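In UniProt numbering, the protein residues as written are 1 to 175. Even glycine gets a Cβ: it sits at the ideal position worked out from N, Cα and C. In this text, all values refer to a predicted model and were calculated from it rather than measured experimentally. See below for the structure under consideration.
Right, dumping it as structure tokens:
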């Protein structure tokens, strides 16, 4: 029964945590979301972010409450491991590693969405938004990797680098 409960909690936590991380990343990149994305993001996360802002105000132009909220969500989801006999310290460490993993998966998801937009409809209403979210990841790579035959390979290189980071994360923490 524990695996089914873990699946349900992880799915709900993944959606909410992903929205909170998106909210943080939009603030970091200074990207204004389209109305539909903004409404979804803020409606789903305001109940957690607004109270956290009283504790952790934004500093340096960053929405730290969103990032803290994402960590609290992954910590709550990881606390199910306490039922399996995992220690509290291990649960906190697992939560930190899972948060980093969610961040890396989020970047990979954004890259995949950008590639799909470039193939299917580069003029889609969300395409500039996704491009702006990916730009801080891809800009340094585009300086080093020239287009080959008109193809931008920086997305592929970024994807591989993120997968390497995930591999190293798992090797360091033995997951």
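Please identify the residue among the options whose C-alpha is closest to the C-alpha of residue i.
| i | options | result |
| --- | --- | --- |
| residue 9 | 80, 86 and 21 | 80 |
| residue 14 | 146, 134 and 100 | 100 |
| residue 111 | 154, 168 and 143 | 154 |
| residue 140 | 161, 149, 126 and 124 | 161 |
| residue 39 | 78, 54 and 22 | 22 |
| residue 172 | 97, 128 and 30 | 97 |
| residue 6 | 168, 76, 50 and 18 | 76 |
| residue 66 | 18, 115 and 146 | 18 |
| residue 264 | 169, 133, 170 and 163 | Not covered by the structure: residue 264. The range shown for the chain is 1 to 175. |
| residue 32 | 170, 128 and 174 | 128 |
Looking at the structure shown, is residue i part of a helix, part of a strand, or coil, going by DSSP?
| i | result |
| --- | --- |
| residue 105 | helix |
| residue 174 | coil |
| residue 31 | coil |
| residue 75 | helix |
| residue 126 | coil |
| residue 87 | coil |
| residue 26 | helix |
| residue 134 | helix |
Under 9 Å between the Cβ atoms of residue i and residue j?
| i | j | result |
| --- | --- | --- |
| residue 130 | residue 102 | no |
| residue 165 | residue 93 | no |
| residue 52 | residue 69 | yes |
| residue 20 | residue 48 | yes |
| residue 45 | residue 16 | yes |
| residue 158 | residue 117 | no |
| residue 41 | residue 59 | no |
| residue 34 | residue 137 | no |
| residue 143 | residue 152 | no |
| residue 71 | residue 90 | no |
Spell out the partners DSSP gives residue i in its beta bridges.
| i | result |
| --- | --- |
| residue 59 | 62 |
| residue 9 | According to DSSP, residue 9 bridges with nothing at all. |
| residue 148 | 151 |
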